[in-house]
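*Asks:* Quick one: the structure is below, and I'll ask about it shortly.
Numbering (this note's numbering), first residue to last: 40 to 195.
Shown next, in the form of structure tokens:
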């Protein structure tokens, strides 16, 4: 999986790994929009450029096996990677793809991922990631999960 530097169109391989205790001191809300310490009871993963330490994006989620679903609790790119002036593109898509792959691994053909977006960004998730409105949440199921994985999960 990769991200793309917007100014140069240069592609960089990424790593998505669990946040470790020592990472929390480097996750200020001013750069990552949320107090990530409050998510410590849930699974939290970070996105970095392969071989680098700088965290460019974060996702926290919980697995809900009885519903064959993974629910995304928080999802963000770092402040410099949001909006029209962002440095890198594809951060959010790669984090969603990572969770989608976990859902497929855990739940097979019944896999589902969901999130509850802020109102102003909901349409963006619908348009860009083909998420469906499911009550107060947005979700992806098969075959849209496979389309997301196919689009983001490659090494070029």
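The beta-carbon is built from N, C-alpha and C at its ideal position, and this holds for glycine as well. Bear in mind the structure is a predicted one, so any value in this text is a computation, not a measurement.
Under the assumption that residue 55 contacts residue 137 (Cβ atoms under 8 angstroms), give the Cβ distance between them as a whole number of angstroms.
*Replies:* 5 angstroms
*Asks:* If you drop the 5 nearest sequence neighbours on each side, which residues of the same chain put their C-beta closer than 6 angstroms to that of residue 164?
*Replies:* Here residue 164 has 156, 170 and 177 as same chain residues with Cβ atoms under 6 angstroms from its own Cβ, once five neighbours each way along the sequence are excluded.
*Asks:* What did DSSP end up calling residue 96 once you bin it into helix, strand or coil?
*Replies:* Per DSSP, reduced to three states, the secondary structure at residue 96 is strand.
*Asks:* For residue 58 and residue 94, I'd like the C-alpha separation in whole angstroms.
*Replies:* Straight across, the Cα-Cα distance linking residue 58 with residue 94 is about 10 angstroms.
*Asks:* Can you check DSSP and say which residues form a bridge with residue 85?
*Replies:* 56 and 97
*Asks:* Quick check on the burial criterion: 16 or more other C-beta atoms within 10 angstroms. Buried or exposed for residue 195?
*Replies:* Low confidence applies to residue 195: its pLDDT is 47, below 50, so where it sits in the model is not reliable, and the reading given next is rough at best. So residue 195 counts as exposed.
*Asks:* How would you write the range of the beta strand (DSSP E) that residue 155 sits in, first residue to last?
*Replies:* First-last for residue 155: undefined, no H or E at that position.
*Asks:* Applying the criterion that 16 or more other CB atoms from any shown protein chain within 10 Å of the CB defines a buried residue, is residue 119 buried or exposed?
*Replies:* exposed
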